[in-house]
């Protein structure tokens, strides 16, 4: 809903000349409105999108748009995909689908994680397992939103079981890094153009694992150097919000 900001961020990302880019959902306000794709996404982001391979996942604002699947082909031919690039395993999932324990999707994810020999595994979903934002509201049994609940209670434990690196999500319009038990970092990167939001009033209760929170537009750059991967979160003006370094999951 803020194409000027998205255009600025896309231009800044392009200056880094990344090997690929990934997006955690909600590229437009309403994905079922075809005109918004050009107005809000492709035209302002053309410098990046014309030069860098792009891996998106479905957000709630895409609205399960049929056009989304026609525009963004995946390695699997479906909304859930896996792609290894160098020593990095990428996994993208449509968090609105059924991710309950024992579900078809959960079994697929475990199979992908179990066979990966990559040094680093990053899973992209729109719905974070932990969030201090308004979407992270919790009840007696965990997150209120089903997609957030399954992300926390099913996807993250599977990632931890196979020593994955991080979950990168969106949904809440902020930057946040959480370090919950299990060793899998949870990054909320929801700041590419939408209106920003504050922490929830009871954020300390709903997310006790938060390490860093910023209400700022931003993007994240990940650099791999041998057995080390470093993520840096930047504002469009070049200010560094956060850095996080991970070592290879293979112990090399």
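In the numbering used here, the protein residues as written are 12 to 263. Even glycine gets a Cβ: it sits at the ideal position worked out from N, Cα and C.
Three or more C-beta pairs below 8 Å linking the region 149-160 and the region 199-210: Contact annotation: the region 149-160 does not touch the region 199-210, with fewer than three C-beta pairs closer than 8 Å.
Runs of beta strand (DSSP E) wholly within the region 64-141 (minimum 3 residues, chain order): You should have 65-67, 92-96, 99-103 and 131-135.
Cα-Cα separation between residue 91 and residue 212, rounded to whole angstroms: Mapped onto the chain shown, residue 91 falls at position 80. Mapped onto the chain shown, residue 212 falls at position 201. Straight-line Cα distance between these residues: approximately 33 Å.
Own chain, CB closer than 7 Å to residue 81, minus 5 neighbours either side, in chain order: Within the chain shown, the letter at position 70 stands for residue 81. So no residue of the chain qualifies.
Residue from 214, 30 and 232 whose Cα sits closest to the Cα of residue 183: On the chain shown, position 172 is the one that residue 183 refers to. Nearest Cα to residue 183 within the set 214, 30 and 232: 214.
Residue 209 versus 20, 66 and 225, residue with shortest Cα-Cα distance: For the purposes of this step, residue 209 is identified with residue 198 of the chain shown, where counting begins at 1. Looking from the CA of residue 209, the closest CA among 20, 66 and 225 belongs to 225.
Beta carbon of residue 138 nearer than 8 Å to that of residue 180: What you label residue 138 is simply residue 127 of the chain shown in a count that begins at 1. What you label residue 180 is simply residue 169 of the chain shown in a count that begins at 1. Yes, the Cβ-Cβ distance between residue 138 and residue 180 is below 8 Å.
Whether residue 243 touches residue 232 by CB criterion (8 Å): Taking the first residue of the chain shown as 1, we reach residue 243 at position 232. Taking the first residue of the chain shown as 1, we reach residue 232 at position 221. Result yes, Cβ atoms of residue 243 and residue 232 sit closer than 8 Å.
Residues that DSSP places opposite residue 233 in a beta bridge: For the purposes of this step, residue 233 is taken as the residue at position 222 of the chain shown. DSSP lists 242 as partners of residue 233.
Exposure of residue 185, with buried meaning 16 or more beta-carbon neighbours within 10 Å: Position 174 of the chain shown holds residue 185. When all chains shown are included, residue 185 counts as buried.
Whole-angstrom C-beta distance between residue 12 and residue 40, which should lie under 8 Å: Taking the chain shown and counting its residues from 1, the one referred to as residue 40 is at position 29. Taking the chain shown and counting its residues from 1, the one referred to as residue 12 is at position 1. The pair is a contact, with the Cβ atoms about 5 Å apart (cut-off 8 Å).
From 141, 157, 131 and 58, residue whose alpha carbon lies closest to that of residue 97: By 1-based counting over the chain shown, the position of residue 97 is 86. Nearest option by C-alpha distance: 131.
Contacts around residue 200, its chain only, beta-carbon distance under 8 Å, and the 5 residues preceding and following it disregarded: Within the chain shown, the letter at position 189 stands for residue 200. Counting only residues of its own chain and dropping the five nearest sequence neighbours on each side, residue 200 has a CB closer than 8 Å to the CB of 35, 179, 180, 181, 186, 229, 230, 231 and 244.
Three-state class that DSSP yields for residue 171 in the structure shown: Reading the chain shown from its first residue, position 160 is the one you call residue 171. Three-state DSSP puts residue 171 in a helix.
Nonlocal neighbours in the same chain, by C-beta distance under 7 Å from residue 129, ignoring five residues either side: What you label residue 129 is simply residue 118 of the chain shown in a count that begins at 1. Correct list, in chain order: 95, 98, 99 and 100.
CA nearest to the CA of residue 268, picked from 79, 112, 60 and 160: Nothing can be reported for residue 268: it is not among the residues displayed for the chain, which extend from 12 to 263.
Residue 33 burial status per 10 Å Cβ neighbour count (16 or more: buried): As a position in the chain shown, residue 33 is number 22, starting the count at 1. Buried, since its Cβ has 16 or more Cβ neighbours within 10 Å.
Residues near residue 119 by beta carbon distance below 8 Å, same chain, minus five either side: Position 108 of the chain shown, counted from the first residue, corresponds to residue 119. Contacts found: 91.
Exposure label - residue 177; buried when at least 16 CB within 10 Å: Taking the first residue of the chain shown as position 1, residue 177 is located at position 166. Buried, by the Cβ-count rule.
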